[in-house]
Each structure stands twice: as structure tokens, then as C-alpha cells.
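All the letters of the sequence shown, read from the start, carry residue numbers 3 to 874 under my numbering. What follows is a single structure, written as C-alpha cells, with notes after it.
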Amino acid sequence: MRLKGIAILGFVSCLLFTSCAEHLVSDKTKRSEIHQKFEQRSKDLLHNRQAQLLDVFNSNLTQKEVDALEFLYAYETLSDLCNYDSEHYLQQVRYAFKAQETFSWGKKVSEDDFLHFVLPPRAGTENMDSARVVIFHELKDRLMNLSMKEAAQEVNHWCHEKVTYTGTDGRTSAPLACIRNAKGRCGEESVLTVTALRAVGIPARQIYTPRWVHQDDNHAWVEFWADGKWYFTGACEPEAEVNQGWFVEPSRRAILTATQTLGHYNASDVIYERDNFTRLNQIANYASAKNIFVKVKNAQNKPIEEVEVGFLVCNYAELYNLASLKTDAQGICSLKLGLGDVVVWATKNEEFSFKKISVADTDTLSLVLNGSDFSERVIDFDLVPPVKKAPLKFSAEGREKNKKRLAVEDSIRKAYEKTFMNQEEAFLLASKEQLDSTLVWQKIKKSRGNWANISRLIQNTPSEMKKWVFPLLNAISEKDLRDASSDILLSHMMHSSAFEKQCSEKEYADYILNPRIAMEQLSAYKAYLKTSFDDEFWTEVKKNPAKAEEWILSTINISKAENYIWVPSTPKGVFEMKTTDLGSAKVLFVALCRTAGIPARIDRVTQIAQYKKDEQWVNVYLGEKQAEKEDHFGSISLHTSSDEVCKYAKQFSLAKFENGFYKTLEFPFNKDVKDFPKNISLAVGNYLLLTAERENDGTVLNRLSFFTVKKDEHKQIELSIRSEVKPLEAYGKYFLPNNLKAIDGQPELFESCSLNRGMVVIWIDPDKEPTKHVLKDLEEVKDSFDELSIPFVFVLPQDVRAEQFEASDYSLPENSHFVMGDELLPNFEKTLGKNFHQQLPVVTFLTTNNEVFFLSSGYKIGVGDELLKSIK
């Protein structure tokens, strides 16, 4: 019956495809390509969710709606097709057309740009929602009399009213959840802004640098199309004009900036095309760049085809692959890159070869692929970023007016934040529910705009289960507190097996009760899975969790290509689609075990699925290579002779050789080497210990130590960090005014500061992301600064931004003082002969005789560590 339904669908779709009705895509060749891809995917995948995805074609659709749905179904990532139904997609399609028809600029947008940068509901890696609908109605009247470019800027101002920057974990909340919380990281801000622009029919895309090379971390912003031209802007950070933003200078030192879109998009700079998406290279829009050609040959000097070539940079202590290309029949591939250093890594059939190059000095790199060198050796090299250029100068016209508008928007957002549940209300809730008031307030406060969902969970949990409310809320992340629905949390509370003594209460909360498995969209999977299998299945899984593994391997097709953004599918989606990626298959296995009452997890370090049996974690392999299924392990200990702090991912990392590359092991970020176990258990294989020391100019001093772990073997590995001790040079002398007063009513600053150890002075722009990064950096080394008793003076702008700044949002050094004085920075610039135009924050250290021995300006990650090192 199902196959018959597919045949009818194909016949109806074919009739529609050849009809005379107006098509969304007028190019017959492209339309045919989309339709054929849709038909093939329907046959291979989508028929497993016939009712959820395909039956919509039997309803009353226009030809353009058919074309739009076919495009989305043909190219969407697999997890979206698992997680969302036709109702969601049809709503997205209809509102994309509604925006096109409503706004005057709708007719200006080309078919291609509409198809690739207006129609798609996904902007990044977010959980998708109905934000397009909500935003369309909220902005429709506000934009009506504006030009397309003015409307785009107005959309960004609206986004700034709703959301400002805060650092969070790597999972991307949905746009409406971001609005509800009034905060988000740059990836969430850019997703919101792109979604909002698309909601009003303006083509938009998220631009990101996968990793910076002159400093750690990464960034994302937005490009939009208006009146025939693409512009860029900071997400939720509107400037007086387009093509401006604090990230302009960092982007001029980038190696790669990129974006990607569904399907095949015709553009001049394509990094690569895959079956379902196109990745575009935007680096030439931001930085000086050139094409690098890589030619791979064998020992006989013959070109090798289909070699995977990666372009690696060091960010934190990891060699991160910016892009992977395949060589052609002549053994050649090419990529346009910024003018810094990269490591070019070529691999095929587990063989590899690599070399560090300077892009500026290289036109064609030749690599020989002739086996793999796994010998135990140490290699040192420096990775030098593109040079820092003199800052661009922008017109001051409109800047003061824009500052005043941003302040108004800040006040709108802060007024909304005042509607969050307060401490008194949280205490009343705790009293009513007979719960610890401190714990209730702690969770409510962290939940921010999601407080109503956490409150409902607390109130609706049956009294006999109330003891598990806080263990559940402790098990999920802070971001989950901010966007999880009470229905899903309560479902897991109600459908988890009762606590048994086969595990501890904490293990029960973390690995049975907990709805969070990986980075998947939270769902009420236990309630769904329980009714999807008979009682006999659950009895067997309870006795032997390997039964869940057997069912997955016999029923679910594991695909390497379809889920190209690597956001996991929900367990329900995988169960229905019967095809998934390896990561989502692991999520389903853990979900099956937890539903059966078996503690299960995906190991954070190895990413292997595991279940708990007889006090041991048992590995489960769902598609990994046969050799990796053998539980053979050795161990290492890391030895360092230095007393300096050495933290994982910041100064060192471990990576295991897999599929031609060394893949970083996910030990806890920032964990000090002294806190690692004496014996670190590692599966047999080839490993790389990487250490990295970043210099003030952005250069990274790398040391690569290669070693092999054999079964039952123990090795001591030397962990040494390269460093170049350079004498500190004074930039000049600077004197703060003696009568400087703190804005908090404290006595004269110099009377309350002990100056026998010098002073840190920081000029900040409180609402800008670069300032927030520096303030967060200082939190990480607060204890060290407190021990040194060094005074910190934060200079705020002499306007409403100072009034709205709340130092209590940060855990700053104890001896911190806040002042206003717009004349201080110009005086500092004049004294040093420098210009920090739009490059806040400016961080400096003044010695006891007023010499400037540290200087940092603009967006920079890790300033706290650098400052502390320089002072010491």
C-alpha cells in the first residue's frame, strides 16, 4: 500500500511538474535537477515518513508551493527531515511567498537568491521554530515605507531590541528561544538576524570564520542582499552604516570566511559542492587573499586522484581543518586563503603527508603520498597569522545618533528582562512547593526568560517525585534551562523507570532521567519509544542492552553523507526515517537504554556509546571500523617539568588518528594537566600530543609529539610547551589624573588603590561583544589577580551606556573600580602616538612609575591570560 502511495505521488508530481502553471524556478534544467533529486530522495528516504512529509502533496497546493517543497525536501539535511513535518515546511514556504508579495523589494530578488537565501528555514545549526511567522507579523508595518537597505538595517535594530551578546555553549538555540532569553552567542545572534531578514523577504546568510588564526575562537555575522548588492553587518549589532562593525579588523586577518546553502548555487568562489549543499568562500570580501594550489603525487611522481586535502590552522591547542577538498585527475586542488600560515594535510587510504606553508609565499605546494609516518617523533613549527594592518577609518556621521538609538533599544530589552521571575517570587514558589528556596531561585535565575517552563515543571511534578526535580535540572545544561519546555522535562520525569539500586542517585539522574544525550533537539522520546516496541523487547533490552544495538544495526541504515550539518536527529525521527548518521544512531541507542532503565551515555572523550553494567561502562559500536570494536587499551601519563598552568585545549590537546586525520579527544576544556589521572586509558592506535603557545602578535609556537599506544602498554609522554622569553619593552608613560573619582561614589581612586604592584586600566564599551569577552577572560584568572592585589580601573563612556552597565553580571577582580572620562582615551592615544579608533576594549598595565608594559586593543580572546603572564 505504501509503494502504491509513492507511485501515485510520483504520477501527481509528474503532472504538476509538466503543467503550464507558474513555476518557482523558470530554468528548466535546474527545475529538472531539483525534481529528480526530490524523486530519488522520496524513493530512498522520505517514503519512511510518508504521512509526516509526503502526504502534503495530495492537498491543495499551488505549483510554486510544490516546487518550493520539492527543493527543501531534495536538499535539506537529514536531521531536519527526521525532526520536522510537512506542516512546518509548508508554513515556512507560504510565509516566504507572503513576504515576497507583501514588500516592494520582493520582485527585485532573483529566483536563485530567493531559493537559496530567503526560502530555507534553516540559517545555521539551530533548533528551528516558527520565528519566520512571528517576525513577519511583528515587522510588516514597521518596514512598509522603507527602502530595501533601510529595511535590512531596521530589522537589525529590531533584533538588537530583543537580544544582546553573551557567551554560551556550542548548541544553537532556536530564534524564538533566543528572543525569550534576550541573550545569545554570536552564532545565535546571526541565526536570529538571518531568520528575521528572510522573514521579510530579504536574502540573507550567516557568514563565519570557522577559526581565527591570529587568536583563539571564531565568529559569525550576517550578509544581506539589497538592490543588487551584498552587504555585511554585525548580528544584533547595528551600526550607523552597513559594512561596519567591531569585527572588521579581525576579519581582515582571517584565513577563511565561509557560508553554505542548500542545493547547487552558481557563484564565483565555491569551496566545494556536495550532493545536497554548496559551501561558498567569502574571504576575498574581507581580507587580502590568494589561490593556493596543492598537487599530490605518489613515489613514482604520478598524480593521485581523490586525495583528501585539508587546510589546518591552530586555534586553542587544536589543529582545526578549515576545509577539505579532493584532488582531480591531475592530482590538483586549489583554495583561496588569507595570507597567513597553514598546515596542508593530504590523505588517502589511511596514508598521509603534511607540510606547513606560508600562503603569501606559496603558489603551488607539491606533496608526496607514500605511506604514513607513525614513528615517535617531535616536530616544531610556528604558525604566523596575517599581519595586522592599520585600522580602517569610518565616517563619524550618524554615529552619535546611532549610539542614542542603541541605548533606547537596550532600555527596551532591559525592561523586558525585568519581567523575569524575581527572587521574592521564586521564594514564594519554593515555599508553596516545599522545596529549598535557594535552589529554586538558582534554577529560576539561570533560566532567564524560560522561567515559566521551569516553574511549571516544579509545580506539575507529582509530590512523590519532587525529590528528582533538582537532580534533573542539575543534569541538563544551563542552556537547556533557558530553552527546554516543561512538557518535555515533565515527560521524562513521568516516563523514566523508577530509581533502582543498580546505580547511584547521581547516575540515575545523569544517565536515565536526563533528557539530554548529545546536541540533539530535546524531545519526549521515552513516551514515544515505550509505545513503539512491545513489552518483550523492553524486557530483553533490560536484561541485555546489546539487544538495542542489534535492533539498530538490523533496522537503521547509517549514512555518512545525508546529515551534513551534523546536528543529531531525535530518537523519534530516526525511528521513523530508518536512516540516520552515526552520531544520531548513538543518540538512539542511548535513548533506548535510558527508556529501558539502563544507565547510558555517549562518552565525552571518545564519543563512543556506552551503557553501565556491573559497575563498568561497556562500549557499543554502531558503524565504527571493525578494528575499533576490539576493546584493547593501553595507557599513558603526561609528564611536565614546568610549574606553569597547563590546561587542556588551551595549551595542549591529545588527538587519535582516524580516517586519515588526527581527531582531537574531547577531554574537559580548561582542565589542568595536574588534574588528569596518573594513568590515562587510551584505545590502541596512533596519537598526537599538540602543545601551543600563542604570542602577543598572534603567532602560535607549536610542538607536535607523535606516539603509538599498544595493548596493555604504558607510556610516559613528555608534555613541553615551547616559549620564547622576550624582554618587555615600555610603550611609553601615561599618567591617570590624580583626582579621578569612581562612579560608584567611592573616595578618590588613588586613595583606595594600592599602587605598589602597578595598575590595570581598561577602556570598555559595555554592550559590545569584544568587551564582554575581555570581562569573561578576567573572570577565569580572577583568583590570580586577587592574590596580586592589583587595582583594575575600568573606564566607561560618558553616556547612558555607563548607566546601563552592571558590573555584578561579571565576577571581576576584587580591587576593581569604575570611572567615566571621555577625555582619558584621547590623552592615552596622544601620549603613546597610537590610534584606537573603534578598537575597544583597550587594555593596558601601568607600572608603579607609570610605564605602559602591556597593550591590547579590540577583539581578542585570552587577554586575561596574556595580561597575567606579562605582569608576572
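Glycine is no exception: its CB is placed at the ideal position from the N, C-alpha and C atoms.
Backbone CA spacing between residue i and residue j [nearest angstrom]
i: Q208; j: I257; result: 17 Å
i: E715; j: G342; result: 40 Å
i: K862; j: N740; result: 30 Å
i: N404; j: A242; result: 5 Å
i: R254; j: S175; result: 29 Å
i: P122; j: F99; result: 12 Å
i: Q102; j: V27; result: 15 Å
i: V135; j: K185; result: 21 Å
i: L870; j: V727; result: 15 Å
i: G700; j: S397; result: 29 Å
i: N852; j: S725; result: 28 Å
i: K562; j: V569; result: 13 Å
i: I682; j: R606; result: 14 Å
i: H641; j: T666; result: 19 Å
i: T421; j: V165; result: 15 Å
i: R415; j: I181; result: 10 Å
i: F501; j: P473; result: 12 Å
Contact set for residue i: own chain, Cβ-Cβ below 7 Å, skip 5 residues either direction
i: R603; result: Y513, V592, Q612
i: V865; result: V776, D779, V845, S858
i: Q628; result: Unreliable positioning characterises Q628 in this predicted model, as indicated by a pLDDT of 46, which lies under 50. The coordinate reading is nonetheless provided below. Within the same chain, Q628 has no close Cβ partners at all.
i: E352; result: S374, G662
i: C316; result: L385, A694, V702, N704
Residue i, DSSP secondary structure in three states
i: L518; result: The displayed chain sequence assigns Arg, not Leu, to residue 518. Note: R518 maps to coil in three-state DSSP.
i: T166; result: strand
i: E480; result: helix
i: H716; result: strand
i: N452; result: helix
i: N527; result: In the sequence as presented, Asn is not what sits at residue 527; that position holds Tyr. In the structure shown, Y527 sits in a helix (DSSP, three-state: H, G or I).
i: I792; result: coil
i: G186; result: strand
i: A392; result: coil
i: V471; result: helix
i: Q841; result: coil
i: T104; result: helix
i: S643; result: coil
i: W214; result: coil
i: Q246; result: coil
i: E825; result: coil
i: M150; result: helix
i: K665; result: strand
Contact set for residue i: own chain, Cβ-Cβ below 6 Å, skip 5 residues either direction
i: F787; result: P815
i: E646; result: none
i: A23; result: Q65
i: E868; result: none
i: K564; result: As written in the sequence, residue 564 is Glu, which differs from the Lys given in the question. Taken in chain order, the residues that qualify are L80.
i: A201; result: R134, I137, F138
i: A153; result: L145
i: V386; result: D343, T701
Cβ separation of residue i and residue j, assumed to be a contact under 8 Å, to the nearest whole Å
i: Q155; j: V224; result: That belief does not hold up - the Cβ atoms of Q155 and V224 are roughly 11 Å apart, past 8 Å.
i: H162; j: L408; result: 7 Å
i: A331; j: I273; result: That belief does not hold up - the Cβ atoms of A331 and I273 are roughly 20 Å apart, past 8 Å.
i: N85; j: G575; result: 5 Å
i: L524; j: I490; result: 5 Å
i: G734; j: T850; result: Going by Cβ atoms, the distance from G734 to T850 rounds to 16 Å, so no, they are not a contact pair.
i: F794; j: H819; result: 7 Å
i: E320; j: L692; result: 7 Å
i: K39; j: A76; result: 4 Å
Strand pairing of residue i, partner residues [DSSP]
i: W316; result: Reading off the sequence, residue 316 comes out as Cys, not Trp. Its beta-bridge partners are L321.
i: Q618; result: K615
i: E275; result: T280
i: N293; result: K338
i: D674; result: K649
i: Y233; result: F226
i: I209; result: W223
Spatial neighbours of residue i in its chain, beta-carbon cut-off 8 Å, leaving aside the 5 residues before and after
i: Q800; result: M822, G823, D824
i: A286; result: D271, K338
i: G169; result: R187, K774, H775, K778
Test: residue i CB closer than 7 Å to a CB of chain B
i: F501; result: Structure shown: chain B not included; a single protein chain is present.
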